[in-house]
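See structure below.
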Amino acid sequence: MKITLAESAVRDLEEIVSYYDNEGVPDVGADLIAKILERIEALADHPDVGRIVPEFETPRLRELIHAPFGIVYRRDVRRVSIVRVWRSERLLKLPPD
83 MKITLAESAV RDLEEIVSYY DNEGVPDVGA DLIAKILERI EALADHPDVG RIVPEFETPR
143 LRELIHAPFG IVYRRDVRRV SIVRVWRSER LLKLPPD
């Protein structure tokens, strides 16, 4: 299964790195990003492992929890598109596409 990252997900990852850099603990941010990317890579073999996002109740829209983040993705027949990497306590906002 092919995995792609939407621009919104790339921005989310960049913001995570920036946040931890600004807090003076860049290693924490780098480690967190590495673990998030491992979870994303696992979707290639197990695309249905994530739960259906409760706010939307659409079977194609799923999320993995990697506390404190939710990795939101769209599961299509041949592709998994990472849409957001979102702090789970925040209200989820999806890009218009």
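For the sequence shown, the working numbering begins at 83 and goes up steadily by one. We put the CB at the ideal spot given by N, CA and C, even for glycine.
Determine the direct distance from the alpha carbon of G106 to that of A91, and round the result to whole angstroms.
The alpha-carbon atoms of A91 and G106 are separated by roughly 23 Å.
On the three-state DSSP scale, how would you describe V159?
Three-state result, V159: coil.
Look at the alpha carbon of V110 and the alpha carbon of E96, and state the distance between them as a whole number of angstroms.
When the Cα atoms are used, V110 and E96 turn out to be separated by approximately 14 Å.
Between which two residues does the beta strand (DSSP E) holding L181 run?
Outside the shown range of the chain (83 to 179) lies residue 181, about which nothing can therefore be said.
Just confirm the distance between the C-beta atoms of I85 and L125, as a whole number of angstroms; I'd bet it's less than 8 Å.
6 Å
By the three-class DSSP mapping on this structure, what secondary structure does V167 have?
strand
Can you tell me whether D127 is buried or exposed? The criterion is at least 16 other CB atoms within 10 Å of its CB, across all chains shown.
Residue environment analysis places D127 among the exposed positions, since fewer than 16 neighbouring C-beta atoms fall within 10 angstroms of its C-beta.
So the candidates are P108, V159, Y155; which of them puts its Cα closest to the Cα of F138?
Y155
Just mark R142 as buried or exposed, buried being the case when its beta carbon has 16 or more other beta carbons within 10 Å.
exposed
Is the beta carbon of P129 sitting closer than 7 Å to the one on V159?
no
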